[in-house]
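One structure is given here, and the rest of the page talks about it.
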Amino acid sequence: MGEEVARRMTMAITRRNWLQLTGGAGAGALAGGKLLGAFDDYFRAAAPAAAGEQTLITACGVCSPACGIKATVKDGAIRFLEGLEGDFSGDGRLCGKGAAGAQFAYDPDRLKYPMRRANPNKGLDEDPGWVRISWQEALDTIADRIKNALSRYGAESLLFVTLPAPDIWLRFMNSIGVINRVDHIDDCFLTDRIIQRYTTGVKTWANDFENSNYILLFGWDILAKTKIVTAQGVIKGKENGAKVVCFNPHYSTTARFADEWYGIRPGSDLAVALAMIQVIISENLYNQEFVENYTNFKEYETKIREHMAQYTPEWAEKESEVPADVIRRVAREFAAAGRGIAPAHKKTLCANYANASQLSHAISILNILAGTIDRPGGRYLPAAFSVPGVDAIVPPPAYPPKRGRYIDGKDKLPLVLEDGGGLFSTLSDGLLNKYPGMIKFAFFNAYTVLGFPNPPKLFEALKTIPFLVVMDTLPTDTVTFADIVLPSATYLEVNDVVVRDYRAKKPQAVARQALFPAMFETRSVGYVALELGKRVAPDYFKDKDGNWIDLSAVLDEKVKRAGLGENFNEFKAKGIVTRDQPYVPRTRFNTVGGTGKCQIYVPQFAEKGADPLPVWRPKRELPSPEFPYYYLTCIPAVHRRNSTENNAFLHEMLPTNTAMMNPALAAKLGIKEGQKVRIRSRVGAIELPAHLTETLRPDCVMVYHGFGHRSRLLTKAGGKGARDGDVIPDQNADEMVKAGNYAGAACIMDAVVNIEPL
Amino acid sequence: MTPQAVRLAFAGAAFLNPELSRLRDWVRDLDEPGFLEDLGTDPLSLETDYNRLFLSPEGAVCPPWQGAHTADERLMGDSHLSALDWYRRFGIEPAANNEPADHIGLLLLFYSRLIDSGADDAERQVFRLQHLDWIPPFCAKVEQEARHPFWRRLARLTPEWIHG
Amino acid sequence: MSSYYYCQTDGFLLRAYTEASQRNRSAHIDDESHARHGIELKPAAQEFFLDRIVTDSGQLSLLISDRTISMAKYGWLFDVKRCIECRACESACKQWNGVETGVNIRYRQVHTSESGKYPNVTTQALSLACNHCEDAWCMKACPVKAYFRRDDGIVLIDWDRCVGCTMCSLLCPYGAPQFNWAKRKMEKCTMCADRVDANLAPACATLCPTEALQWGLWDNIKGKGVPQVSGFANPNQTKPNIRFVTAGWAKK
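Chains as they are written, first to last, in our numbering: chain U, 1067 to 1824; chain F, 18 to 181; chain D, 4 to 255.
Below is the structure:
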């Protein structure tokens, strides 16, 4: 109401100015008189003092460490983004993606208004016939669809493809009993999160590289993959004299940085890890004090020794092509170092192959044997501000039980079911084969089809969903299939509390604040959650006085209870808050089962369809006469998964992908630099120009992930490159059980291919 | 208002909002044959084509902000800041503070005011050079891509109107 | 493209210039599939010209600018081992200097290269911009004296004078000056002279997350590291104000 009055007032003022502008009242006859009204709608009196340059603190949102940003904003437009001093993530710096952040908000291609399709036919090449609608209409329509599906088909007919964040969004899903929430975590760290819960008690991202003296890297291009906090940590470790050993079929940026690098056979890291455990245990090199006091080694020692005996370095050499004496020596050095760490992180370790579950377990054991769980130099539990969720601040009524069928088959994998994350790799199969027609409504929150294995199958699967809502910042390929499109605000346009967890011996939090009002009609996911909640499950979205939940009041309360300030405004004025407190290493570990000890042998796994000790299994796909080469994928340093290719700066640096291969392999196949090749697997094929590089094993071909967006609405990224995922088989839960993939790895790189010149 | 100013204000308003009834109302002041007929009577087809041409997801066809057509390829850049500067010098600014100020509609509305205010030739020329030069090739593209006759006609005539 | 400045002095030079500029132009064209994989820093054309200039004093006298060359005050220190190819330096530069993205110009660029044969392979990343050389050939080459040097050694282009003949880009061994098709002028790294005036480091060095790229007083830098690494044109030519750290992991 106040807004309307203000608008009318400014219109009146403006009209006076305009009359001056037009040289006096009564200018001309009625000609154009009506058009003055148009002017009123779009202009108003200028604010008395235009803001000069402001310095605002916020947090980056490109990747999870969320580096602190010091933003220079002039006239509501970003002038410069740089790092924030004292920030544990980023250490006062940013990476190329973070520094290109303004281009996400200012991309002319970005989604701006809610839309609905007028053309009912869905396909990649169909013109949806977008009609702009108001947020009110969009939300009402979506709410009706949800209510309809709920009453006619039950909660199992709803599919939410989204992370369980923000908390108000999860609350919405819980309030209507959503059973089918699917996220990309199986593409990422699901496996490790599950394993860690049982072996060390918590999934940590905090790695004490600075104080480590031996850094053992399986497959993780830690220096170049997105997160500068880890690169900085490893470099500091190096400055302090750490030795770095790297196993990777690709001579990566990390490889050149490492003291030793071995071009391991793809998918065989597990063999090396098992053999290292065997050496450490059989030669009694483990950290006695830690292992005997803080683990269940003694209890299961016989079983452990017996089981591990078979995994000799000589055996591992056959599987991995890493020389036995190297494995033996590195194992001894790692154990003797005293502050050794074998970090495991996300996709590059925990999602690639069918044996990822076992590999996660083996690597966890290595860290436990080194005695560096929550000890200097090792993986540790970050000290964090405790920020309550909305459910703690406005307690909801009891949520309805989750009943129904799991579209992604999680229920076949008990460890995955209890975790709740995933599963991208089985979604297509669920939609097309397992439960065709079950899903009546789907909501995609910012995921593109490129993030799935075998995207073409998912395109087909999307066509079977009667009503699809897509919320995103960009018009991606998924948007082409939507019935309603919701434009999302970027991280530069929202408020939040960001708690440090990557490098945090002390609690630290950064205020993410909107640098300018959200552009056009973009909104946050939190807004959508609340508005849908009001319409669909009102009882869960009222406070104790019966008023609708006020998200900004909730944010204030979060800040206050976390001890970050009286309210968000105060917190954002400080920008970054660090609590000075000593780090207290744990003596009790919160592993499942409640023994308080780290678990090398995991007794609970036997009951849950998993191996109590890691068992050697090869990767799912092995070279054959028809598909003789290993397929590797990689995310380039300049891009982030599949969401940055349209950013003007980043696109210029790396606009497309190639088929990277060793010159020896190229020569064998008659392929020249730049020549187009077809890479084909048992599920699909892509065509890309070849790029020759000596950094790859001669039996591999590597393709950068994130390219191959088809949507021509992405004026920069559209039509560039090929989707690496087209060649990667998707899965179903039964296959995963059979493959021993009990912690749900998406097998996002488990493919073998044929390569032919075109 | 002079005839040129009326035409430019009409073009500006149309590029900002394709609401059929208002456009029909204004078009009567225009004294341009053919516009009323081209507008037609179906608001949906007018709006759908507008969305397809100028808004995302279909905004890739003809993004209506000057910044998207510079080598800068971005919004809220130099042309936005420069347009804001121009508006503020005349004591006004766009009502929406979260959208680029260099939208073709805003620029044309402002220019129509500039003409009517008796701004001298030099000032008009500077504004044209800085903020209207991109419009003829933009309109050529719109004319080529538009399906609805109204947008085609508008795109063909707007560059002429700019020159008076 | 104004090659006529030299036509009255040496027809041979003109022909070579035309050929060279065509070759150089293709080196600047964005080759999508190789955008990441390394760019030759020294096109063959430049080598030709360097010989001409160094040996043919008749041409040399024509090319020298009459602006004074003063001692440089600032320079770059690049630690090859610490670069993680994150491109923070490129993004920072583009942000600060408002370099457009539609014209294929990057003042600062990370150049990657590899050598050896699998498995005895090694890679390298170099972040290079303008080295504000003590004996800058760009300044010598410019026929309209658009280049000038500040008291602190920073070399800048005066856009009121630049006519976009691209002579400077042919002679620079490091590809620093680049032709902007939209502006029809040459552009290059300014060492963020406006930031320097405000007592700030250039944007690139400010953002580099691993301190691989550092900027500071040349007097402090010139004794550190080595003047050349593989892929970097011979520093004895123009005396670039950059040193490379290739060994040791001392704390920064």
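By construction, the Cβ of each residue, glycine as well, lies at the ideal position given by its N, Cα and C atoms.
Here the structure is a predicted model, which is why all the values come from computation and not from measurement.
Residue-chain proximity (residue i, chain D), Cβ-Cβ < 8 Å
i               : result
A88 (chain F)   : yes
Y1280 (chain U) : no
A1812 (chain U) : no
Chain F within 8 Å of residue i, Cβ atoms only
i               : result
Q1797 (chain U) : no
G226 (chain D)  : no
G101 (chain D)  : yes
T126 (chain D)  : no
V106 (chain D)  : yes
V1197 (chain U) : yes
Y1179 (chain U) : yes
F1525 (chain U) : no
Paired residues, beta bridge with residue i - DSSP
i               : result
T209 (chain D)  : DSSP, once it has assigned bridges, lists no residue as partnering T209 (chain D).
G78 (chain D)   : D:G219
P1442 (chain U) : Bridge partners of P1442 (chain U): none, in fact.
A100 (chain F)  : Answer is none; A100 (chain F) lacks a bridge partner.
Nonlocal neighbours in the same chain, by C-beta distance under 6 Å from residue i, ignoring five residues either side
i               : result
A1805 (chain U) : A1420 and R1686
L101 (chain F)  : A118
P1532 (chain U) : K1506
A204 (chain D)  : W218
E1065 (chain U) : Missing from the structure shown is residue 1065 (chain U); chain U here goes from 1067 to 1824 and no further.
Top-ranked residue by Cα proximity to residue i, from the options
i               : options                               : result
R1881 (chain U) : U:D1274, U:R1218, U:Y1593 and U:N1353 : With chain U running from 1067 to 1824 in the structure shown, residue 1881 (chain U) is simply not present.
Y67 (chain F)   : U:E1119, U:F1607, U:S1155 and U:G1195 : U:G1195
E190 (chain D)  : D:K84, D:N100, D:C86 and D:R246       : D:N100
V1658 (chain U) : U:I1281, U:A1408 and U:E1484          : U:E1484
G196 (chain F)  : U:F1170, U:V1128 and U:E1623          : With chain F covering 18 to 181 only, the question about residue 196 (chain F) has no answer from this structure.
R1183 (chain U) : U:R1198, U:S1494, U:L1190 and U:N1820 : U:R1198
P212 (chain D)  : U:E1203, U:G1162 and U:I1407          : U:G1162
D46 (chain F)   : F:E64, F:L61, F:E36 and F:Q21         : F:Q21
L80 (chain D)   : D:N237, D:V106, D:L131 and D:N202     : D:L131
G1372 (chain U) : U:P1680, U:L1432 and U:G1791          : Checking the displayed sequence, the identity of residue 1372 (chain U) turns out to be Glu instead of Gly. Among U:P1680, U:L1432 and U:G1791, the Cα nearest to that of E1372 (chain U) belongs to U:P1680.
Neighbourhood of residue i by C-beta, 7 Å cutoff - its chain only, sequence neighbours within 5 removed
i               : result
P166 (chain F)  : D55
T241 (chain D)  : C136, D138, A139, W140 and P176
P1379 (chain U) : A1341, V1345, A1390, I1393 and R1394
L1824 (chain U) : K1742, V1743, R1744 and E1753
H1717 (chain U) : E1711, K1782 and A1783
I1234 (chain U) : V1456, G1592, A1595, L1596 and L1617
V229 (chain D)  : R246, F247 and T249
P1480 (chain U) : K1674 and G1675
A1165 (chain U) : L1147
D1325 (chain U) : K1309, V1310 and V1311
K1826 (chain U) : Beyond the ends of chain U as shown, which are 1067 and 1824, falls residue 1826 (chain U); an answer cannot be given.
Own chain partners of residue i with C-beta closer than 8 Å, once the 5 adjacent residues on each side are dropped
i               : result
L1598 (chain U) : L1205, I1208, A1209, I1212 and F1238
K1304 (chain U) : V1310 and F1323
Chain U within 8 Å of residue i, Cβ atoms only
i              : result
L126 (chain F) : yes
W218 (chain D) : no
W221 (chain D) : no
A26 (chain F)  : yes
A95 (chain D)  : yes
Residue i Cβ short of 7 Å to the ligand FMN heavy atom set
i             : result
K76 (chain D) : Of the ligands one can find in the structure shown there are none, so the ligand FMN has no counterpart to examine.
For the stretch 1105 to 1121 of chain U, which residues have a CB atom closer than 8 Å to at least one CB atom of chain F, in sequence order?
-> Those would be F1105, D1107, Y1108, F1109, R1110, A1111, A1112, A1113 and A1116, in chain order.
Using Cβ-Cβ distances below 9 Å, what residues of the stretch 184 to 214 of chain D are close to chain F?
-> Answer in chain order: W184, A185 and K186.
Chain D contacts made by the stretch 85 to 117 of chain F, where a contact means CB separation under 9 Å | Here the close residues are T87, A88, D89, E90, R91, G94 and D95.
Relative to chain D, which residues along the stretch 1310 to 1333 of chain U have a C-beta separation below 9 Å, given in chain order?
-> The stretch 1310 to 1333 of chain U vs chain D, Cβ under 9 Å: Y1317, S1318, T1319, T1320, A1321, R1322, F1323, W1327, Y1328 and G1329.
With 9 Å as the C-beta to C-beta threshold (strictly closer), list the residues of the stretch 74 to 91 of chain D near chain U in chain order.
-> Contact annotation: in the stretch 74 to 91 of chain D, residues whose CB is within less than 9 Å of a CB in chain U are K84, R85, C86, I87, E88, C89, R90 and A91.
Interface residues of the stretch 1130 to 1161 of chain U facing chain F [CB-CB below 7 Å] | Taking 7 Å as the Cβ-Cβ cut-off against chain F, the residues of the stretch 1130 to 1161 of chain U that qualify are D1141, G1142 and A1143.
Anything in the stretch 134 to 158 of chain F with a Cβ closer than 8 Å to a Cβ of chain U? List those residues in chain order, please.
-> Residues S134 and G135.
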